[in-house]
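Quick note on numbering: the sequence shown equals residues 1 to 309 in UniProt numbering.
The C-beta atom is built at its ideal place from N, Cα and C for all residues, glycine as well.
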Amino acid sequence: MKGPLFYSKILLFGEYGIIKDSKGLSIPYNFYNGALKTDSNPSEIAIKSNESLKRFVTYLETINPDLVTFDIETLKNDVEAGMYFDSSIPQGYGVGSSGALVAAIYYNYAHNKITVLENLTREKLLTLKSIFSEMESFFHGKSSGLDPLNSYLSIPILINSKDNIEATGIPSQKADGKGAVFLLDSGIIGETAPMVSIFMENMKQEGFRNMLKNQFIKHTDACVDDFLKGDIKSLFKNTKQLSKVVLNNFKPMIPVQFHELWKKGIETNEYYLKLCGSGGGGYILGFTENIDKAKQSLKDYNLEVVYNF
């Protein structure tokens with residue numbers, strides 16, 4: 001194995017909004033991880049991953065050398081020797097599978113890399129974010145660079161705006177807390193690029209832009225503030241509003257069979273659902289004030305608790 005494990009992430013708040021300067025809050029999720037490896041007897045998945053790495057290396061050679069350079073020779077040799085990304089992070093699930101791979105490549109092969117151990121000034125965080133944005137664009141067409149940043153640093157990141165990000169602390173979990181953030185498995189693999197292009201297409205309409213600014217970003221920003229302050233009452237009020245806005249305006253990003261379930265949560269107040277990543281499948285993020293009630297209500301679905309309060 002080359003280098004440490006890199007973990008998945010969850011963007012608690014800010015999906016789509018951060019493209020247009022909303023706040024965002026991203027936390028590492030240690031349940032899934034990945035690392036670069038070489039096997040003498042590779043599996044089919046390892047061979048496929050290796051093929052994808054070959055294409056990625058070709059792409060890395062085209063990145064602006066003023067931004068970042070890599071030890072391409074060593075990287076090429078390692079890939080030729082069968083190196084692949086061994087990962088338990090599900091792809092197309094909104095938990096940062098490509099982000100962890102980008103972080104691992106940067107960690108192992110970048111020249112003059114910024115390390116986790118140095119004083120992470122805002123400037124350094126932004127430099128890392130722009131490097132990762134360029135690197136991850138290979139996978140998604142357009143990337144904010146936040147997923148790899150989260151995976152690389154393995155600490156919660158607060159996005160205040162595009163040019164203002166900082167490492168942050170989040171309220172510590174209450175093991176016996178009734179309130180919870182959870183992941184709901186849609187059982188469908190989501191594709192990021194098509195979802196982002198639907199969003200960009202919608203952004204051409206004035207009505208959609210106004211909704212984004214006056215409703216979506218307003219509630220997203222409030223949710224981030226509430227979560228960091230530990231104001232649970234206000235958090236659930238704002239999460240409910242956010243859930244409504246998403247159901248009304250981001251329908252293509254919600255798998256059809258979850259529209260009713262989404263609505264039911266808002267009507268019963270037993271849970272509120274929101275997008276996890278770009279949507280279209282993968283995980284759906286849920287918030288509840290009573291995890292037992294939510295589990296009962298969603299008993300037909302695969303539910304994973306990620307945070308208790």
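In this structure, S151 places its C-beta atom within 9 Å of the C-beta atom of G99. Note that the C-beta distance between G141 and V196 is below 9 Å. Note on geometry: alpha-carbon atoms of F85 and V102 lie some 10 Å from one another.
In this structure K2 does not touch T220 by the C-beta definition: roughly 37 Å separates them, more than the 8 Å allowed. Contact between the stretch 248-261 and the stretch 180-196 is established, with three or more Cβ pairs separated by less than 8 Å. Distance between F6 and A35, taken at the CA atoms: about 6 Å.
CA-CA distance, F287 to S40, rounds to 44 Å.
Distance from the CA of Y106 to the CA of L120, rounded to the nearest whole angstrom, comes to 17 Å. Going by DSSP, T288 is part of the beta strand (DSSP E) stretching over 283-288. With a beta-carbon spacing of about 7 Å, S297 and Y271 fall inside the 8 Å limit used to define contacts.
Taking a C-beta distance under 9 Å as the contact criterion, G265 and G190 do not qualify as a contact pair.
Proximity to L261 across L235, I284, I47, T239 peaks at I284, based on C-alpha coordinates. Our two residues, G94 and E136, have alpha carbons roughly 14 Å apart in a direct line. In this model, V306 and Y29 are separated by some 8 Å (Cα to Cα).
Annotation for S161: D21 place their beta carbon closer than 7 Å to its own, counting only its chain and skipping 5 residues before and after. Non-local C-beta neighbours of L235 in its own chain, meaning closer than 8 Å and more than five positions away in sequence, comprise C223, D226, F227, F287, ordered along the chain. Partner residues in the beta bridge of E304, as assigned by DSSP, are L183. Ranked by Cα distance from S144, the options E51, I165, T74 are led by I165.
Sequence-distant Cβ neighbours of L126 in its own chain, meaning closer than 8 Å and more than five residues away, are D163, I165. Secondary structure of K2 (DSSP, three-state): strand.
For F199, the enclosing alpha helix (DSSP H) starts and ends at 192-202. K9 counts as buried, since no fewer than 16 other beta carbons sit within 10 angstroms of its beta carbon. Here N302 is exposed: its Cβ has fewer than 16 other Cβ atoms, across all protein chains shown, within 10 Å. Taking 9 Å as the cut-off, the Cβ atoms of V245 and F216 count as close.
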